[in-house]
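Protein chains in written order, with our numbering: chain V, 332 to 761; chain P, 57 to 514.
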């Protein structure tokens with residue numbers, strides 16, 4: 332099994348072979364996974380993997396290689412190859428590696444899984460769902476424990492070691508209806524231990540209870556523009572899409588981002604405060620170092636509607652002259668609002684509760700359209716019935732500028748902490 | 057791989073699959089002339105999957121050594137035994153594969169050097185930058201993939217397969233009224249780079265065509281939301297075949313309550329529609345993702361899902377085939393050495409018809425001609441959606457204004473009932489990837505279809 336020492340050998344070899352700057356990242360992963368298929372536990376998986384990523388810079392040219400067949404012989408060949416790849420690249424002075432930072436070891440989570448407890452928790456979940464939500468069909472689910480160790484070293488003296496372990500649960504389900512089964516839905520969460528029953532984590536009880544009602548879905552009565560309540564399960568995808576087209580490397584380097592001149596300016600509703608908090612205790616998964624070798628820090632991305640940072644890597648920052656982000660994004664925490672969810676719902680004259688969005692990738696200008704799945708029609712402040720064959724269309728940027736309320740309640744997914752958000756200006760058609 | 061898998065047969069104590077796999081990929085990317093990415097990735101290892109008394113155990117290791125093989129076989133066997141002891145299940149034996157031996161031929165071409173590849177892409181990028189200075193941004197990305205597998209099963213199957221794919225993705229972005237408008241296209245497909253791309257100049261007419269579409273798209277209008285009669289270009293039909301029909305016919309989804317379960321033998325589509333998941337050869341040619349032996353050691357056969365509108369069958373692995381009492385179709389596939397085989401499509405296509413695409417468009421009074429898809433998703437109810445990045449209004453049989461990015465959706469079997477014309481023109485989509493717990497390369501193809509779908513708009 333490769334060790335941290337391998338990184339030092341690789342860095343020495345890269346420098347001797349002519350690299351002006353070099354980086355070596357060794358990641359070792361062990362996973363134990365219990366799998367359910369169509370209601371029954373069917374499979375246990377044990378997977379062991381490791382990979383080494385080498386990056387070399389010479390004459391402003393960068394190349395990298397990732398391999399998992401790692402020993403001294405393959406390492407020598409990989410060093411030669413990564414330098415050949417770098418030599419073939421076009422020169423770009425923006426390529427660089429992270430500067431020296433004090434060496435650090437980060438530890439989070441458990442070191443080994445408790446397979447018997449995993450099995451017991453999973454069995455309890457299956458039994459509880461059967462009793463509490465008899466219409467639910469568990470299509471597939473998995474509970475895994477993953478232990479990962481990362482050694483990150485570079486020729487500037489960066490020397491980080493990260494040990495992380497935890498449990499991840501994901502489930503896809505549908506519900507029996509009079510004529511077959513409902514649309515499937517899925518959710519999940521991350522946790523560092525199995526102290527709680529699975530059913531009590533994340534949004535599981537809420538989503539299963541909604542699906543278990545067994546009400547026949549209907550189409551919307553007509554096309555209209557109304558309000559939408561975006562659930563926490565749905566919100567995370569919308570946030571990733573919004574930030575992906577506005578403040579990440581791609582659109583900022585290309586110069587096409589609608590937010591490229593918006594730092595410290597309003598970009599969203601004053602109700603919205605969004606942070607990326609990968610090293611906060613409220614995020615159970617998280618990460619300690621960025622992909623380009625900096626110690627990660629928490630950051631507020633949007634504060635009361637004002638854009639506080641871009642999500643630029645070191646390369647993106649060098650390329651654009653804009654400040655580098657202190658983390659890689661994700662680990663979202665949205666500040667709760669001042670209204671209970673029930674009040675948010677009561678304020679909707681006509682609209683929908685959006686549990687899942689199945690749509691095309693949003694356009695670079697924020698336009699999106701797609702199918703509203705597992706969602707409910709709202710009229711006069713109350714959920715009326717589940718919807719089928721219903722599409723929504725709007726613009727992501729306008730959506731977050733048109734927020735009319737944020738719930739006090741939030742769902743803790745372990746990977747993110749998110750409320751329900753109400754917004755207006757969505758076209759709903761069926 | 058320096059080990060002979062057959063020398064480990066004595067470790068098998070139950071039904072066992074032992075697989076060595078190596079995935080190689082190469083990504084070289086240019087963003088607005090900047091060489092942002094130049095990286096090669098290679099991962100390899102061994103895995104074993106064991107079936108015992110109705111329970112499965114799986115294990116994988118990157119160490120393709122005798123010790124690595126012993127570890128994965130013993131651990132997978134232990135995992136299956138652990139679960140079998142706790143979860144009494146139907147432990148009937150799986151259908152036995154015939155004893156087969158298969159080996160794909162090795163590649164014949166000489167791979168270009170990293171310098172040649174970078175130079176090729178840089179030449180394409182310079183062509184775009186020079187000819188189209190109005191563009192706000194452009195991307196040129198090469199993505200090469202190579203999958204090598206060797207499989208040994210306790211049934212006696214021994215198969216070596218090799219799959220490679222080379223794709224160049226071109227993306228163009230223009231700013232219109234201060235907002236970015238983009239269009240991209242993927243070129244290439246199955247095969248090695250040097251056999252698919254002989255010179256940058258061959259791409260220029262296609263790039264010019266892409267730019268022309270983009271110029272019209274920047275002036276585009278929102279589609280009118282609602283149900284519309286549309287002509288779907290072959291690329292969209294391929295996604296429809298995959299997302300809307302193929303997924304609902306995967307036997308694991310059928311067992312989970314997919315809408316097709318009770319419809320076997322029934323008319324589910326227009327009699328103009330026939331749909332097949334091809335194993336390796338279709339319409340006289342090798343498919344985009346040829347599978348001769350699947351990752352359970354089953355000889356892959358074509359799976360006819362719909363024949364002239366009638367639902368004929370499902371996609372199976374060994375376990376689902378036993379449940380439905382039919383022969384396995386060879387649809388069990390795994391993406392990485394550390395993945396277990398799942399029921400996956402291979403090359404799913406609606407068969408060509410007798411109409412002409414030109415006449416189909418001319419027959420539309422008020423609708424849309426939808427040309428290029430983006431991502432898609434499906435549901436067990438057969439409700440599908442996929443993004444459309446290029447399309448045009450059709451009024452009185454004439455192509456009109458381009459439309460902005462949109463999404464189409466519908467209940468697949470209702471949509472297929474509305475099919476009123478199927479073109480002779482047939483095309484496979486370049487570079488299909490499917491996500492179902494694991495990614496996997498797939499082929500998606502079809503003719504143009506005239507049908508009614510729901511379109512998302514304002």
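Glycine included, each C-beta is placed from N, C-alpha and C at the ideal position. Predicted model only: the values in this text are computed from it and were never measured.
- In this structure, DSSP gives residue 186 (chain P) a helical state, which the three-state scheme calls helix.
- Burial is judged here by how many other beta carbons sit within 10 angstroms of a residue's own beta carbon; residue 495 (chain P) has fewer than 16 and is exposed.
- Nearest neighbour of residue 715 (chain V) by Cα position, chosen from V:721, V:706 and V:723, turns out to be V:706.
- Taking a Cβ-Cβ threshold of 8 Å, the residues of chain V close to residue 514 (chain P) are 724 and 758, in chain order.
- Only those residues of the segment 579-599 of chain V whose C-beta falls short of 9 Å from the nearest C-beta of chain P are listed: 580, 581, 582, 584, 585, 586, 587, 588 and 589.
- In the structure shown, residue 126 (chain P) falls within a helical segment according to DSSP collapsed to helix, strand and coil.
- Using a Cβ-Cβ distance cut-off of 8 Å, the segment 391-406 of chain P and the segment 339-353 of chain P are in contact, since at least three pairs of beta carbons, one from each stretch, lie closer than that value.
- Measuring C-alpha to C-alpha distances from residue 743 (chain V) to each of V:663, V:581, V:700 and V:627 identifies V:663 as the nearest.
- Setting aside the 5 residues that flank it on each side, residue 736 (chain V) is surrounded in the same chain by 602, 668, 670, 674, 675, 678, 752 and 753, each with a C-beta closer than 8 Å to its C-beta; the list follows chain order.
- Between residue 226 (chain P) and residue 196 (chain P), the CB-CB gap stays under 7 Å.
- Beta-bridge analysis with DSSP links residue 450 (chain P) to P:423 and P:455.
- Annotation: the continuous alpha helix (DSSP H) that includes residue 455 (chain V) extends over 446-463.
- Taking a contact to require three or more Cβ pairs closer than 8 Å, the segment 443-456 of chain P and the segment 194-209 of chain P do not qualify as touching.
- Following the DSSP letters along the chain, one finds residue 583 (chain V) inside the alpha helix (DSSP H) bounded by residues 580-585.
- In the DSSP secondary-structure assignment, residue 467 (chain P) is bridged to P:439.
- Here residue 430 (chain P) carries a strand assignment [DSSP, helix/strand/coil].
- For a Cβ distance threshold of 9 Å, residue set 235, 236, 237, 238, 445, 460 and 461 of chain P lies close to residue 694 (chain V), ordered along the chain.
- Around the beta carbon of residue 159 (chain P), fewer than 16 other beta carbons sit within 10 angstroms, so the residue counts as exposed.
- Shown here, residue 401 (chain P) sits in coil according to DSSP, grouped into three states, outside any helix or strand.
- Taking each of V:634, V:354 and V:561 in turn and checking the Cα distance to residue 429 (chain V), the smallest one comes out for V:354.
- The three-state secondary structure of residue 744 (chain V), taken from DSSP, is coil.
- Restricting attention to alpha helix (DSSP H) runs no shorter than 4 residues, the segment 387-449 of chain V encloses them at 403-419, ordered along the chain.
- As a beta-bridge residue in DSSP terms, residue 736 (chain V) pairs with V:753.
- Taking 7 Å as the threshold, the shortest C-beta distance from residue 88 (chain P) to chain V falls below it.
- Not a single C-beta of chain V is nearer than 7 Å to the C-beta of residue 413 (chain P).
- Residue 106 (chain P) sits close to residue 132 (chain P), with the two beta carbons spaced by under 7 Å.
- Contact residues of the segment 361-387 of chain V toward chain P are 368, 369, 371, 372, 373, 374, 375, 376, 377, 378, 379, 380, 381 and 382 (C-beta to C-beta distance below 7 Å).
- Residue-level contact by beta carbon fails for residue 705 (chain V) and chain P, as no gap is shorter than 7 Å.
- Counting only residues of its own chain and dropping the five nearest sequence neighbours on each side, residue 321 (chain P) has a CB closer than 7 Å to the CB of 366 and 367.
- When the Cα atoms are used, residue 212 (chain P) and residue 252 (chain P) turn out to be separated by approximately 36 Å.
- Within chain V, the C-beta atoms nearer than 9 Å to that of residue 96 (chain P) come from 394, 395, 396, 397, 398, 412, 413 and 416, in chain order.
- Closest option to residue 694 (chain V), judged by alpha-carbon separation, among P:170, P:470 and P:444: P:444.
- CA-CA distance, residue 118 (chain P) to residue 59 (chain P), rounds to 13 Å.
- Taking C-beta atoms as the reference points, residue 464 (chain V) and residue 539 (chain V) count as a pair closer than 7 Å.
- Residue contact check for residue 494 (chain P) against chain V: no CB pair falls below 7 Å.
- Of P:338, P:361, P:254 and P:353, the smallest CA-CA separation from residue 304 (chain P) is found for P:361.
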